[in-house]
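Below: the structure, in structure tokens.
2 protein chains.
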Amino acid sequence: MTTARRDTYTPQTLLSVAVRVFNERGYDGTSMEHLSKAAGISKSSIYHHVAGKEELLRRAVTRALDGLFGILDEEHARVGGAAERLEYVVRRMVEVLTAELPYVTLLLRVRGNTGTERWALERRRTFDHRVAELLKAAAAEGDVRTDVEVRLATRLVFGMINSIVEWYRPDGGGASEQDVADAVVRLVFGGLRESG
Amino acid sequence: MTTARRDTYTPQTLLSVAVRVFNERGYDGTSMEHLSKAAGISKSSIYHHVAGKEELLRRAVTRALDGLFGILDEEHARVGGAAERLEYVVRRMVEVLTAELPYVTLLLRVRGNTGTERWALERRRTFDHRVAELLKAAAAEGDVRTDVEVRLATRLVFGMINSIVEWYRPDGGGASEQDVADAVVRLVFGGLRESG
């Protein structure tokens, strides 16, 4: 409790402060001065940890991307019918998004003005493509409708999932992480219509 | 073809230029100077048409909101079973969004820093609420699943629809307006799973 503030500063603490400020002000609108004020440490202390704000951005989006790509390496994403694997991936995407909310929010807002942003956009496209391949395989196996073009379906499903960052708050007393994941899986695969 | 440029300037032309600049730079980041440059007319000429940039914002989001609320007054949104009315409204929302793309894009990016923005957010909430009521009625009539909470389902469906502004381009050679509307209706109501 009496630990001096500077002792508590780890690269991880600095990263979480930076992500909050990037999400509030936008990455372009954030200066090292803003980060220094928000973190309550001097700019030179920040430079002790990182080369600059672009390194903080890279670390932050890497955390989000590692969470997303990690899903594809999990057993249930690799073994079984494509439709079941796809359902698993959709559920886990919602879980990663809610668990890593500020990091995924930042990743989704990246615009492509710097090398790091362009790299992040390219990695996002690769992830989207991997999920689209799974959808294509599920359609080929006859488990997913074929009257909606794969790329369009992928975009719309990602649109639904990614929109969660706009309103989900982990401690807001609203829908829990599991409520949201269940709802997304039900709507994405079964739609709104009562099938019973 | 030889009409002088200033003669072609109508409030509508100015509005469409302003909406483009607001969407590119963000409303907060746009000055009258930016609007003057983009429109190729002097600031005093702009003030001849409008009191300032907030009036342009109000006109632009009014156009989007009128398009959306107009749907609810259409016959198919008022007469019939709630599920059919909901399906009609979802399809028409996609059509209005694609037809009024820059205006709806601006509406969806409004943040609430000015009175006009707060008014627009309030109107959006009212619209969302009207659609949620329709979903609730469809559930009560037994045509829509009841294992996803109405507010959560509404948010996710709006998330899917609103995400279209991120990638849809009217002349992009990709999916047409009708392709997108069909895909959204199929996914929202029937989901991805092959039902046959």
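Here the protein sequences come in this chain order: A and F. FYI, in the UniProt record's numbering the residues of the first sequence are 1 to 196. FYI, in the UniProt record's numbering the residues of the second sequence are 1 to 196. Cβ atoms here follow ideal geometry from the backbone N, Cα and C, with glycine treated the same way. Just so it is clear, the structure is predicted and the values come from calculations on it, not from any experiment.
Any beta-carbon of chain F closer than 8 Å to the one on residue i?
i	result
Asn23/A	no
Ala175/A	yes
Thr2/A	Only weak support exists for where Thr2/A lies, its pLDDT of 43 falling under 50; the value from the coordinates is given anyway. Judged by the 8 Å Cβ criterion, Thr2/A is not in contact with chain F.
Report buried or exposed for residue i, applying the criterion of at least 16 other Cβ atoms within 10 angstroms of its Cβ.
i	result
Arg118/A	exposed
Ala99/A	exposed
Ser42/A	exposed
Met1/F	Any reading at Met1/F needs caution, since the residue's pLDDT is 43, under 50, leaving its predicted position unreliable; the model's value is listed next. Met1/F is exposed by the Cβ-count criterion.
Ser44/A	exposed
Ala51/F	exposed
Tyr47/A	exposed
Ala140/F	exposed
Val104/F	buried
Thr3/A	Here Thr3/A scores only 43 on pLDDT, less than 50, and its place in the model should not be relied on; the value that follows carries that caveat. Exposed, because fewer than 16 other Cβ atoms sit within 10 Å of the Cβ of Thr3/A.
Glu87/F	buried
Thr146/F	exposed
Thr30/A	buried
Asn162/A	buried
Thr154/A	buried
Lys53/A	buried
Gly67/F	buried
Val79/F	exposed
Thr116/F	buried
Arg125/A	exposed
Arg92/A	buried
Gly112/F	exposed
Gly191/A	buried
Arg123/A	buried
Arg59/F	buried
Arg169/F	exposed
Gly172/A	exposed
Gly159/A	buried
Between residue i and chain C, is there a C-beta pair that is closer than 8 Å?
i	result
Leu192/F	Going by chain labels, chain C is absent from the structure shown, which instead holds the protein chains A and F.
Using a Cβ cut-off of 8 Å, pull out every chain A residue sitting near residue i, in sequence order please.
i	result
Val180/F	Leu152
Below 7 Å on C-beta distance, what does residue i contact in chain A?
i	result
Leu187/F	Val148, Ala153, Leu156 and Gly191
Give me the chain F residues within the contact set of residue i, using Cβ-Cβ distance strictly less than 7 Å, ordered along the chain.
i	result
Val184/A	Leu156
Does the beta carbon of residue i sit closer than 8 Å to a beta carbon anywhere in chain A?
i	result
Arg20/F	no
Asp7/F	With a pLDDT of 49 at Asp7/F, under the threshold of 50, the modelled position of this residue cannot be trusted, and the question is left open.
Interface positions of the region 83 to 100 of chain A facing chain F (Cβ-Cβ less than 7 Å), listed along the chain:
none
The region 140 to 166 of chain A: positions lying closer than 9 Å to chain F by Cβ
Gly142, Asp143, Val144, Arg145, Thr146, Asp147, Val148, Glu149, Arg151, Leu152, Ala153, Arg155, Leu156, Val157, Phe158, Gly159, Met160, Ile161, Asn162, Ser163, Ile164 and Glu166
4-residue-minimum alpha helix (DSSP H) runs that sit fully inside the region 74 to 148 of chain A, ordered along the chain
75 to 78, 82 to 99, 101 to 109 and 115 to 140
Just to confirm the assignment: which complete alpha helix (DSSP H) runs, minimum length 4, are found wholly within the UniProt domain "HTH tetR-type" (8 to 68) of chain F?
11 to 25, 32 to 39 and 43 to 49
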